[in-house]
Every structure is written in structure tokens, then in C-alpha cells.
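2 protein chains.
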Amino acid sequence: MALAAEPQLSITLVGDPDVVHAELARHDVRGLAIGVAPSEGKITDDEHPVSALRRKPRSSIVVATQLVKHGDADLVVSMGPTGASMATAVMGIGLLEGLERPCIGGNFLGLSPNITLVDLGSNVDCRPSLLLSFAAMGVAFSRRLLNIDNPRVALLSVGEEAAKGNRQVQESHAVFNDSYLNFVGNVEGMDFFNDKADVIVCDGFIGNILIKFTEGFGSALRPYLENHLATLLPPDQLDRLADALWDTTNKARTMGGPLFGLDGLVLVGHGSAGPEGVAGAIDTGILSHRIDLVEAFRQELSELQRTGPLER
Amino acid sequence: MALAAEPQLSITLVGDPDVVHAELARHDVRGLAIGVAPSEGKITDDEHPVSALRRKPRSSIVVATQLVKHGDADLVVSMGPTGASMATAVMGIGLLEGLERPCIGGNFLGLSPNITLVDLGSNVDCRPSLLLSFAAMGVAFSRRLLNIDNPRVALLSVGEEAAKGNRQVQESHAVFNDSYLNFVGNVEGMDFFNDKADVIVCDGFIGNILIKFTEGFGSALRPYLENHLATLLPPDQLDRLADALWDTTNKARTMGGPLFGLDGLVLVGHGSAGPEGVAGAIDTGILSHRIDLVEAFRQELSELQRTGPLER
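These protein sequences, in sequence, are chains A and B. Just so we're aligned, residue 0 is where the first sequence starts under numbering that gives the first Met the number 0, counting upward by one. Just so we're aligned, residue 0 is where the second sequence starts under numbering that gives the first Met the number 0, counting upward by one.
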């Protein structure tokens, strides 16, 4: 509700009208720019996105995405399944030119706030040309949102040498080398914590494992710190440290992230985020809109096409 | 040197005689069971293992492995390149029956000391049957070294459902389901910190990234803790906490690990380990010998063959 009080910000809540109005009745919303757009049902995590969209053509994500498509909203924020948000956006808003699939990217690691990782978890088994287009959008994100001038791009692998890595990375290495990107070669797992690259590229299988591993790590540090510091720090200090560490390892949960590659702005939040996570995703959306992230993606993909069309 | 003073333990140092004797001259080794086996040169990280072995047939790893092959040593500990240790061992000692390639496995995460991960970094692009044989050896390791009765085996993926994951994991899921293993399905990145599985299986590309990511994470926590706790903890307490966290995220560096699948015991230590890391790898080797880990691998692989021969 706090966000809705900001000047020049108007929020449309999309959902089953009964549910939305019941929730609104529990708050003092007088004078706030909150609208309601009715929808029917929602898509859940255990449904296949595309078939669920066919079965539920009036579900909340579809209606919300239509608002963006028709210019009635500048961006959509969804805390529902990423796959459904992505499929709806591809069908409703469309992909940027030169792109085969969208992806998720961004910073997932508070300890290294300047590193952008693509793909964070939407595409497994990617071909080199797809990884290259993800990298270009990572560069746009790094440049426009993190103010890094000429972002260094690296492939995540198991050794620095070009010959190190699985087949996907070895093939991608050659493709990246031939591209206009500021490609600095392969980096390894520890290089997320060194200043070797600004945009690290992997497929969504590895990205998803890394982001969830990091979240779990941050949660596991709480009992660890309690064991080691219980006699040394007062409980409130200990709590604050564990909370800070959790935040730094759960950036995706607290900030949400824009989908990369759509012709409109779609933010996805973490499915298990609380109110602060929803607010964080909205904040990230407002920032992405202000800096015109979609235009940055478009320019970078156009540069990629100009300097060497993506093979399909 | 402390280890060499243990009763019933005799150590043979393998290396260029001048170097080894110069080093021994710097210590008081009277009464210690230390022998020297002369070798010529060593294989470095930037050489291709197999061609380096051809060029340097008397290098330290080759001579050391021969000691095991001929029964003159119970185990070999190498801090050199893993690839060279592995190639030498395969050629010199040979693989256990039913196995196509060896791998590296073990516990890499002090926060979850009961989880065994295979493959930690030796094989990329693995077929399901290879992952299955690695899993069987992970079970042997878990049972024999960690005393877990009926280890739960899981595939590392991006969702619990059988259909989630890249092609490798989806295909492996079916193969694992049909095996005699106590297969509990897929786990995700955060499940390294939950009690969902005892043996987690991935290919060496992902294993290597995870282990190095964890090492980097542990190192990055030191400045983080210094920033957050400098005014709250005395420097020595802070140091102790950062050291403990580093240890728990650098298990491979401090303990070394046995190669999985050879007809003899070969321990590899971390290339950048210090004296404690070397001692740790020797300790792990002594334990592996005492519990006859090689025999445990052999039995588990034989069970795998008995219950459904590996397709090649």
C-alpha cells in the first residue's frame, strides 16, 4: 500500500474480483491510485504453462499482460509461475526482433552486486547462438541498470582455457569470440567473487541450480552463525547478521527481475516472496521503466544482428 | 612430518631426488619411516594429461602410481593435476569392472557433511549410464565412509518433477528409476542444505562449478564479516569465525579425495593446498585404506551389473 501512495504511480490489481475487493477492504485505500481489473482464476506452479493458458484464457496473468499490450499499463509484475508469465508475454506482447526465446537475468548475489548472470533459469540445453543473444541482453542490463560502461562478458566453465568445458561451452566460446561483445573468455565458479567479468553467461539449468544453491547457503548460515556466535554476540545482533546474509543471498526473492527479450516490461517475483518481495519487484519494475530497459535490450540485439546475424 | 611419526605408517616420497633430498635436509627425519623413490619431472596443469604422460614416462605421478600397482605402496597421494593422476591411474592400475570412466566424488560442503556429490569435476557431458555408475560408487562411499545405511540417491535438477531438467537429467531419471539404487528423484540447488538425499548426482561440469563457487563464497564471506562485525567482535574472534567458514566451504582443499572407480587407491589433493591440505589428503587416504573403499566400490558396481548391465 505504501507504494500506491507515491505520486505519479497508479496500480491496477488484477485478480478474481471477490478476492481483490476483500483484500482491499482490509486496508485504508482512500485517495490511493488503485484500480482493479477483473480476471478469472490463476495459473499454478504444477500446470504446464502453455496448456494452462489455453484452459484459462481469462486468468490473472493473461489479463495483466493484456493491459501492457494495449498500453493501459507500463509494466506487469507477477509473483506467479515464471513459465506462465513468460509464455503469456511471448504470446501477448511478443519477442524483440532477432530473438528466439526470452530469458531471466540479473544480479543474484549481493556479495557481488555488479555481476549480471544470464540465464538465471528459464532455458535449459541452449545452443551457442541463443546464449549469445542472452549475453547481449545481459550487456544491456549491465550497462543501463548497473552503469557499467563496457561490460566484460564471460562464459561460465571449468577452466579458463578455451578448450575447457562441456561441448556447449566449447562451441559457444568460438561464437562469442567472433562476436562484437567484449568477450573475456571463460570464468570459473570462484570468479563470481573476483572482478573478472561483469556479465557471466550459462544456460538456465546451471543458473537455476546456482541461484537456489545460493539461497540455501544463505539460509544454512543462520544456524551455523548461531552455533558459532551464540556466546559472543547478543541475539539481536546475531539476528541482524543472519538477516543481512540471507538478504544478500536471496536477491531474486527480494527484488524480482525483469524478463529479458520481450517487447514490453514484465517483472517476475519469487513465488515464495512476502510483501517486501512484492514491493521490491514493483520497485525494480519502476526503475526498469524509468531507464527504458526494453529499449536497451532492443538496441543491443540490433547491434548483435548488425555485426553478424544469429544463425538459427 | 608429524604423520610420518605415526606407528605402522611408512611414507615414500616420489620426486626429483635433488629436490626431495634438499627438502628432507631441512627437517629432522631421524627415526621416521620415510623412503625416497626417484622420478624425473612432473606434469603441470597446463599440459594435456595423456600426451604429457607419453612425453614424461618417469614423471612423479607415474612412478608413484607404479608403487601401488606393484604392491609397494597401499595408496598414492597426489597434489598435482587431477587429470594426470586420473589418466595415469587408469593406464597403470586400471578401472574396476563394469566402469567406463573414473570420477571424483565426496563431500565438498562442511555445512552438509553427510552429502556425497558425484561427479565433483572430472567428466563433462555424461551419458545416463555413466552417471548411474558414478551414483553407485557414491552410494559405496556414503555407506562405507559416512556410515549411512541405505543412501538416498538423487539427481541434481531444476525441479522435483521427473519432467524438469535438461535432456541429460530427464534421460537419467528413467535410467535411475529402473536401477536397484534407492533413487528418491530430483533435488534442487537448495537441497544441498536440506535432508532430502545422501548422494547427489550431477556431471563434472556442474560439480566443478559448484565446488569452486562454494570456495569463492567462503572466501568472500571474510571481508563481508569484517565489515559487519568489526565493531562487534574482537579481531581474533572474527578471524576464527572467518577461518571456520573458509574450512567448511573448502573441504576438498583441506581433505583431498579418493578417485572413484580404480582398482587401487589414488587420492588427489587440491592443487593450491598448503601443508595441512597435504596432511588432510594423506589422512583421508589412510581412512579409505582402512575401510577398504576400493572393495566397497567394486561390490557396488558388481551389484549394478548384476541387477541390470550398463548399456554402452
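Backbone N, C-alpha and C define an ideal beta-carbon position, used for all residues, glycine too. As the structure is a prediction and not an experimental result, all values here were calculated from the model.
Please list, in chain order, the chain B residues whose beta carbon lies closer than 8 Å to that of residue i.
i: A:M189; result: K211, F212, E214, G215, S218
i: A:N207; result: V157, E187, G188
i: A:F192; result: G215, F216, S218, A219
i: A:F259; result: Correct list: empty, because the minimum Cβ distance to chain B is about 18 Å.
i: A:F182; result: Within chain B, no residue comes near A:F182; the closest Cβ sits about 19 Å away, beyond 8 Å.
Rounded to a whole number of angstroms, what is the C-alpha to C-alpha distance between residue i and residue j?
i: B:E170; j: B:G97; result: 20 Å
i: A:S141; j: A:N113; result: 8 Å
i: A:M90; j: A:L52; result: 10 Å
i: B:K55; j: B:K41; result: 8 Å
i: A:K203; j: B:H26; result: Looking at the sequence provided, one finds Gly at residue 203 of chain A rather than Lys. Approximately 52 Å between the Cα atoms of the pair.
i: A:N185; j: B:M254; result: 27 Å
i: B:L309; j: A:F192; result: In this prediction, B:L309 has a pLDDT of 49, which is less than 50 and means its spatial position is unreliable; what the coordinates show is noted afterwards. Whole-angstrom Cα-Cα distance: 40 Å.
i: A:Q298; j: A:V152; result: 17 Å
i: B:L108; j: B:G34; result: 35 Å
i: B:L95; j: B:H20; result: 36 Å
i: B:L74; j: B:L144; result: 17 Å
i: A:D15; j: B:E214; result: 47 Å
i: A:H47; j: A:A161; result: 38 Å
i: B:P150; j: A:Y223; result: 25 Å
i: A:E159; j: B:V67; result: 33 Å
i: B:V265; j: B:G284; result: 8 Å
i: A:V333; j: A:D238; result: No statement about residue 333 of chain A is possible, as the shown extent of chain A runs from 0 to 311 and does not include it.
i: A:G24; j: A:V18; result: Per the sequence shown, residue 24 of chain A should be read as Ala rather than Gly. When rounded, the distance between both Cα atoms is 10 Å.
i: A:C201; j: A:A280; result: 24 Å
i: B:L228; j: A:G105; result: 28 Å
i: A:R311; j: B:C102; result: In this predicted model, A:R311 has a pLDDT of only 41, less than 50, meaning its place in the structure is not dependable; the value taken from the coordinates is given anyway. Cα-Cα distance, rounded: 36 Å.
i: A:T115; j: B:R305; result: 48 Å
i: B:S128; j: B:A139; result: 17 Å
i: B:A263; j: B:R126; result: The question names Ala, yet the displayed sequence has Gly at residue 263 of chain B. Near 25 Å, if we compare the C-alpha coordinates of B:R126 and B:G263.
i: A:A83; j: B:E187; result: 20 Å
i: B:S287; j: B:D194; result: 25 Å
i: B:T43; j: B:F212; result: 23 Å
i: B:P233; j: A:M189; result: 29 Å
i: A:V174; j: B:S271; result: 32 Å
i: B:T230; j: B:N249; result: 27 Å
Beta carbon of residue i, beta carbon of residue j: below 8 Å?
i: B:V198; j: B:A243; result: no
i: B:A36; j: B:T11; result: yes
i: A:V267; j: A:L261; result: no
i: A:G30; j: A:L119; result: no
i: B:A251; j: B:I210; result: yes
i: A:F296; j: A:M85; result: no
i: A:S58; j: A:S38; result: yes
i: A:E302; j: A:Y179; result: yes
i: A:G79; j: A:I60; result: yes
i: B:D124; j: A:R166; result: yes
So for residue i, helix, strand or coil by DSSP?
i: A:I10; result: strand
i: A:G40; result: coil
i: B:G105; result: strand
i: A:A243; result: helix
i: B:P257; result: strand
i: B:A72; result: coil
i: B:I199; result: strand
i: B:R311; result: Its pLDDT being 40, under 50, B:R311 is placed unreliably in this model, and the value from its coordinates should be taken loosely. Here B:R311 sits in coil by DSSP.
i: B:L155; result: strand
i: A:T354; result: Residue numbering for chain A in the displayed model covers 0 to 311; residue 354 of chain A lies beyond these limits and cannot be assessed.
i: A:N185; result: strand
i: A:S121; result: coil
i: A:G276; result: helix
i: B:V89; result: helix
i: B:L98; result: coil
i: B:I290; result: coil
i: B:G263; result: coil
i: B:T81; result: helix
i: A:I205; result: helix
i: A:I33; result: strand
What does residue i reach in chain B if we use C-beta pairs closer than 9 Å?
i: A:Q236; result: L228, L231
i: A:F133; result: Chain B residues near A:F133: none, gap ~16 Å exceeds 9 Å.
i: A:F107; result: Simply none; closest approach about 11 Å.
Note down, in chain order, every chain B residue with its Cβ under 7 Å from the Cβ of residue i.
i: A:L110; result: A219, Y223
So which residues on chain A does residue i lean against when the C-beta distance must stay under 9 Å?
i: B:R166; result: V123, D124
i: B:L240; result: L224, H227, L228, L231
Is residue i close to chain E? Criterion is C-beta to C-beta, closer than 8 Å.
i: B:L119; result: Here chain E cannot be found, since the structure's protein chains are A and B.
Report the neighbours of residue i on chain A: residues whose CB is nearer than 7 Å to its CB, in chain order.
i: B:A243; result: H227
Quick one: list the residues of chain A neighbouring residue i, beta-carbon separation under 8 Å, in chain order.
i: B:F175; result: Neighbours of B:F175 on chain A: none; closest Cβ ~17 Å, over 8 Å.
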